[in-house]
Amino acid sequence: MARDRSTTPSPAADAAGGKPKKVRKVRWYHRVWEAFQMTRRVDPAVTWWVLLAFVGVLAVGIGLGLAFGRPVYATIVALPFAFLAALFLLARRAEAAAYRQIEGQPGASLSALRTIRRGWEFPEEPVAVDPRGQEIVFRGLGRPGIVLVAEGNPVRAQRLLEAERKKVARVLPNVPVTLLQSGNEDGQVPLRKLPGTVRKLKPKLTKQEVGEVGKRLRALGGARLPVPKGIDPFKARPDRKGMRGR
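Using our numbering, you'd call the opening residue of the sequence shown number 98 and step up by one each time.
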């Protein structure tokens, strides 16, 4: 009987110790396309805005080239700038679309806060929950001190914030505490502006003091309520299960 000369390894051979399957790399243009697809579902006009940015910058470059008598050279130089302008606009609208998809869901403020890359720690567990409504308080720690962020009904959320502030003050009386509410009502901070508001807080603690405060805060514990996972709007790849509330 003739031997099978096929060199294609079977899945069983791979599982038994053959050559491991290569992990397919995700190229940058794949990520851009995913971001565009996600954004277009929420913001259908993004296609025209991206094209307008590209064509607009390219037209300006060609116009300058014609003015100086070098249209071909100006077109070559303007092409990468037009591409960057389109990518920049797509990133901004993808960020807005990502926030819009999770806005109003429990834990949306935490998802936004965890896009802050450095200097802040935001545990996934809330520190206070109103069982009668959907009011939740999350706590963060950084060099500006402790920040308490509430979401939900403004009146009930403010009561939760004040109760949690007093609780923290009993344990850490000399640590500054900032109270914020996430939402679109008067006195609240819109979800997309929440990370920027926290970043603007001025440092008041040293790194060593932040470590000591963190140890004492962990002893206070949390409310043990599961919340949706975070998003990463700056990479335009939010957690889809979290956005759907699953």
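Don't be surprised by glycine CBs; every beta carbon is placed ideally from N, CA and C.
query	result
Using C-beta distances below 8 Å, list every residue in its chain close to L184, excluding the 5 sequence neighbours before and after it, in chain order.	V129
R211: which of G239, G249, L148 and V139 sits nearest, CA to CA?	G239
Please determine, among R189, P251 and V169, the residue with the shortest C-alpha to C-alpha distance to A150.	R189
Our contact map puts L276 next to L258 with C-beta atoms below 8 Å; I'd like the distance itself, whole angstroms only.	5 Å
Along the alpha helix (DSSP H) that carries I199, what are the first and last residues, could you check?	P168 to I199
Taking 8 Å as the threshold (C-beta atoms), are V286 and I243 in contact?	no
Are the Cβ atoms of R346 and L314 separated by less than 8 Å?	Examination of residue 346 is not possible in this model, given that the chain is present from 98 through 343 alone.
According to DSSP, is F219 helix, strand or coil?	coil
Candidates H127, V234, R124 and Y196: which alpha carbon is nearest D140's?	Y196
Evaluate the contact criterion for the region 166 to 181 versus the region 141 to 148: three or more CB pairs, one atom per stretch, below 8 Å.	no
Quick check on the DSSP output: the beta strand (DSSP E) that includes L288 runs from which residue to which?	First-last for L288: undefined, no H or E at that position.
Just to confirm, is the Cβ distance from E232 to R215 under 8 Å?	no
Measuring CB to CB, does L291 end up less than 8 Å from A209?	yes
May I ask which residues mark the beginning and end of the beta strand (DSSP E) holding R236?	I233 to G239
What residue from L163, R167, F165 and P203 has the CA that sits closest to N250's CA?	P203
Comparing alpha-carbon positions, which option in L176, L245, R124 and I199 lies nearest G153?	L176
The beta strand (DSSP E) with Q202 in it runs from where to where?	Here Q202 belongs to no beta strand (DSSP E), and DSSP marks it neither H nor E.
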